[in-house]
Amino acid sequence: MSLNQKNLTLTQEKMSLGEDEVKETIIVKDLVKNYTTYLRKGLFKREKKVVHALKGISFDVKKGEVFGLLGPNGAGKTTTVKILSTLLLPDGGEARVLGYDVVKEAAEVRKVIGVSLSVEKGFFWKLTGRENLTYFGMLYGLNGEYLKNRVEKLLELVGLKQLEVTDKLYEEYSLGMKARLSLARALLIDPQVVILDEPTLGLDPPSARMLREMLVKIAHEDGKTVLVTTHNMFEAEMVCDRVAIINEGEIIALDTVERLKQRVADSVSLEIFTFLPAGIPQETLVLKLREATGYPSTIFAENGGYRVKVVVPPGDAGEATSKALRVLHEHKCSVRRVEIKEPTLEDVFIKLTGKTGF
Amino acid sequence: MSLKTLLKSGFTLEIYFYKNNRATFLAMFLWPYLMLALILGMGYLFGSPSAFRQNVRMDVDPVVYYVASTLIAMSALSVMWGVGGSILWYKWSGTLPYMLLSPNRMSTTLVFSFIPRYMLGVLIQLAEFAPLIMLIEGVSNGLVKIGILALAATVGMIPLLGFSALFASFLITIEEETNVLSWLNPLILLFSGAFYPAYLLPYWARLISQILPTTYTVELARLAAIVGAPPLAPITFLIGILLGIALIYNSLAYLLVGYGEKKAMKKGAI
Numbered sequence: 019m020s021l022n023q024k025n026l027t028l029t030q031e032k033m034s035l036g037e038d039e040v041k042e043t044i045i046v047k048d049l050v051k052n053y054t055t056y057l058r059k060g061l062f063k064r065e066k067k068v069v070h071a072l073k074g075i076s077f078d079v080k081k082g083e084v085f086g087l088l089g090p091n092g093a094g095k096t097t098t099v100k101i102l103s104t105l106l107l108p109d110g111g112e113a114r115v116l117g118y119d120v121v122k123e124a125a126e127v128r129k130v131i132g133v134s135l136s137v138e139k140g141f142f143w144k145l146t147g148r149e150n151l152t153y154f155g156m157l158y159g160l161n162g163e164y165l166k167n168r169v170e171k172l173l174e175l176v177g178l179k180q181l182e183v184t185d186k187l188y189e190e191y192s193l194g195m196k197a198r199l200s201l202a203r204a205l206l207i208d209p210q211v212v213i214l215d216e217p218t219l220g221l222d223p224p225s226a227r228m229l230r231e232m233l234v235k236i237a238h239e240d241g242k243t244v245l246v247t248t249h250n251m252f253e254a255e256m257v258c259d260r261v262a263i264i265n266e267g268e269i270i271a272l273d274t275v276e277r278l279k280q281r282v283a284d285s286v287s288l289e290i291f292t293f294l295p296a297g298i299p300q301e302t303l304v305l306k307l308r309e310a311t312g313y314p315s316t317i318f319a320e321n322g323g324y325r326v327k328v329v330v331p332p333g334d335a336g337e338a339t340s341k342a343l344r345v346l347h348e349h350k351c352s353v354r355r356v357e358i359k360e361p362t363l364e365d366v367f368i369k370l371t372g373k374t375g376f
Numbered sequence: 002m003s004l005k006t007l008l009k010s011g012f013t014l015e016i017y018f019y020k021n022n023r024a025t026f027l028a029m030f031l032w033p034y035l036m037l038a039l040i041l042g043m044g045y046l047f048g049s050p051s052a053f054r055q056n057v058r059m060d061v062d063p064v065v066y067y068v069a070s071t072l073i074a075m076s077a078l079s080v081m082w083g084v085g086g087s088i089l090w091y092k093w094s095g096t097l098p099y100m101l102l103s104p105n106r107m108s109t110t111l112v113f114s115f116i117p118r119y120m121l122g123v124l125i126q127l128a129e130f131a132p133l134i135m136l137i138e139g140v141s142n143g144l145v146k147i148g149i150l151a152l153a154a155t156v157g158m159i160p161l162l163g164f165s166a167l168f169a170s171f172l173i174t175i176e177e178e179t180n181v182l183s184w185l186n187p188l189i190l191l192f193s194g195a196f197y198p199a200y201l202l203p204y205w206a207r208l209i210s211q212i213l214p215t216t217y218t219v220e221l222a223r224l225a226a227i228v229g230a231p232p233l234a235p236i237t238f239l240i241g242i243l244l245g246i247a248l249i250y251n252s253l254a255y256l257l258v259g260y261g262e263k264k265a266m267k268k269g270a271i
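What follows is the structure, given as structure tokens:
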């Protein structure tokens with residue numbers, strides 16, 4: 019019996035335990051994780067600091083769905099992913115994957131998950147893409163013809179075969195190719211659950227699009243459960259069936275993208291594309307805009323310029339626009355374009371946290 | 002998952018590595034000869050083979066002695082360095098989490114993935130020196146000595162495996178990501194009598210040398226270097242001591258390594 023068949027049998031056995039476990043592939047309950055760090059104070063002194071990475075988060079992921087953990091850097095996304103991948107021990111709470119406890123039954127969890135923690139590293143540089151996949155496949159218990167066929171199938175699935183780079187050394191791969199190989203490795207054991215940490219970070223648009231399409235396909239067509247972390251709101255809207263917004267170690271919202279957007283359905287998004295003169299701190303401008311319009315404002319660096327965003331009720335859009343433009347004019351910011359848009363997931367995050375942090 | 006799987010995957014990784022790094026492979030064959038030439042050149046410049054025999058208190062051929070002790074010393078070091086040091090390399094290259102996602106204990110994966118590299122390294126070193134040993138000792142004695150060296154390198158590795166796994170978990174837990182083995186290894190070699198015969202060391206150092214497995218592997222190398230047929234009785238005795246030490250050390254390490262692993266995973270060091 020191949021490892022794959024064994025996994026399937028194990029999973030079926032576990033799933034037969036109860037209806038809940040069929041529906042909920044991943045269950046996270048009151049998960050807590052603290053990191054102790056030491057700040058250097060001179061040559062010999064150091065100060066202890068405890069960082070509360072996860073403050074008792076709870077969520078569940080259903081079979082066959084793409085679930086997004088959305089949040090800024092340092093929100094606790096990677097910590098959650100590492101705990102679910104059995105690479106990090108939590109300080110409290112519980113997490114289960116297909117019914118297996120990630121602490122007490124770590125070996126069983128590893129047999130049913132595929133993981134990608136980074137798109138730009140994690141492979142042997144002096145091995146080719148095919149050799150890397152073959153090695154990790156062997157390490158995960160695959161062998162013989164099954165392994166050979168699996169590697170070939172995955173290289174084709176992620177498009178590396180079509181690019182004719184399967185026998186090129188990994189060190190010669192572009193970031194997009196590395197990301198594809200990383201996804202292929204995550205799928206090596208044909209896992210029931212795929213956990214991906216920022217799978218499109220730094221990718222060019224075509225590669226990112228290809229990966230997003232693949233995530234949706236493996237969940238909706240192949241029935242795998244996909245947990246993906248991202249700080250990209252657009253990506254979360256595109257691929258996720260449900261999204262948990264995580265901020266400073268806490269889940270502040272969890273729902274489908276559509277339902278989350280309904281939370282700001284009574285608002286519109288006023289976006290002003292501008293250039294900021296040197297010497298004006300963004301924080302100062304955000305504060306001035308908030309004072310002038312009366313609504314939370316955020317500024318994003320984008321395409322060499324800046325995007326000022328204010329989420330306002332539709333009736334106030336006109337007045338808020340003129341007030342915001344006045345503030346920008348006073349600070350000698352040259353305005354290129356003004357748009358009023360339907361609310362997005364980004365607006366939900368701004369409304370919930372009062373900041374972007376992305 | 003079977004240990005065979007880990008050994009097989011580790012072996013495959015090494016073969017791929019050598020295949021794609023032919024210059025490294027060639028250099029591996031050349032540099033020991035360069036080192037040997039340097040050491041012997043200095044030896045002949047400042048001393049003589051007879052003075053050497055007097056110092057080591059055995060009828061040994063200087064060339065065979067240096068070949069044997071180099072091989073044994075390098076092998077002993079590479080166990081500690083290989084398991085302990087490679088964890089840092091895996092961590093820096095980002096491959097460590099993916100290796101640990103194999104359904105085994107962290108230390109099991111690290112140790113058993115390393116063994117093929119070690120064994121291939123020993124085989125390559127033996128292949129490097131085999132012609133030289135056979136040239137000096139003749140084909141039949143040379144083959145026996147090569148066999149003894151292979152046995153010494155294999156048995157000598159076993160006591161160090163548990164502790165090297167312990168070092169590995171310690172290395173990724175400490176904040177300073179430096180390989181402490183780089184200063185520990187020369188001390189191990191010194192106390193084992195690789196640089197100077199152990200009887201020349203002070204009393205307290207001799208006590209340390211007696212509990213180090215490398216002392217017995219170095220002694221095995223010395224016995225393998227004796228001119229003519231090697232003395233099989235003391236060789237068997239030393240192998241017995243090494244296996245006994247292996248049992249004690251690995252049992253002790255097994256008790257501690259779980260704690261080290263847990264600490265590393267709690268800290269988020271992976």
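Chain order of the listed sequences is A and B. If you read the first sequence in our numbering, its first letter stands for residue 19, the second for the next number, and so on. If you read the second sequence in our numbering, its first letter stands for residue 2, the second for the next number, and so on. Cβ coordinates follow ideal geometry from the N, Cα and C atoms, glycine included.
With distances taken Cα to Cα, identify the nearest neighbour of residue i among the options.
i	options	result
P332/A	A319/A, D240/A, Y313/A, K186/A	Y313/A
K146/B	M36/B, L233/B, L213/B, A52/B	L233/B
P231/B	R207/B, L144/B, L162/B, L201/B	L144/B
T98/A	D48/A, K369/A, T184/A	D48/A
M36/B	Y67/B, G241/B, T237/B	Y67/B
S79/B	T155/B, L133/B, T110/B	T155/B
S10/B	M100/B, L39/B, K263/B	M100/B
R281/A	T96/A, K186/A, Y188/A, I270/A	I270/A
L135/A	R230/A, S315/A, V212/A	V212/A
I159/B	I40/B, A247/B, D62/B, K20/B	A247/B
K144/A	S285/A, K186/A, G111/A, E123/A	K186/A
A225/B	G241/B, G148/B, F168/B	G148/B
I175/B	G261/B, T25/B, P63/B, S108/B	G261/B
P117/B	G83/B, R207/B, P98/B, K268/B	G83/B
Could you tell me which residues DSSP pairs with residue i in its beta bridges?
i	result
L245/A	F85/A, I213/A
V50/A	K73/A, G110/A
R260/A	F85/A, T274/A
N265/A	E268/A
I317/A	V326/A
F291/A	R325/A, R355/A
Y56/A	K66/A
L187/A	T146/A
V65/B	None, per the DSSP bridge assignment.
E42/A	K80/A
V286/A	V330/A
So, is residue i buried or exposed, given that buried needs 16 or more other C-beta atoms within 10 angstroms?
i	result
T104/A	buried
T29/A	Here T29/A scores only 45 on pLDDT, less than 50, and its place in the model is too uncertain to base an answer on.
A71/A	buried
I189/B	buried
S165/B	buried
M232/A	buried
G117/A	buried
G220/A	exposed
T292/A	buried
S192/A	exposed
F130/B	buried
F85/A	buried
N105/B	buried
F115/B	buried
G267/A	buried
E174/A	exposed
G194/B	buried
Strictly below 8 angstroms CB to CB, what residues from chain B border residue i?
i	result
L178/A	Residues of chain B passing the Cβ test: none, with the nearest at roughly 17 angstroms.
R128/A	L102, S103, P104
G140/A	S94, G95, T96, P98, Y99
K279/A	What K279/A touches in chain B: nothing, since even the nearest Cβ is about 34 angstroms away.
Which chain B residues are close to residue i, counting only those with a beta carbon under 9 angstroms from its beta carbon?
i	result
Y53/A	K268, G269
V133/A	P98, Y99, L102
Applying a beta-carbon distance threshold of less than 7 angstroms, which residues of chain A neighbour residue i?
i	result
N22/B	K144
Does the beta-carbon of residue i, which I'm using as the reference point, lie nearer than 7 angstroms to any heavy atom of the ligand MN?
i	result
T96/B	This structure lacks the ligand MN, and indeed carries no ligand of any kind.
Item to check | Complete alpha helix (DSSP H) runs within the segment 160-232 of chain B (minimum length 4 residues, chain order) | outcome: 182-192, 204-212, 214-225
Checklist entry - Enumerated in chain order, which unbroken segments of the beta strand (DSSP E) with a length of 3 residues or greater are wholly contained in the segment 116-171 of chain A? => result 131-134
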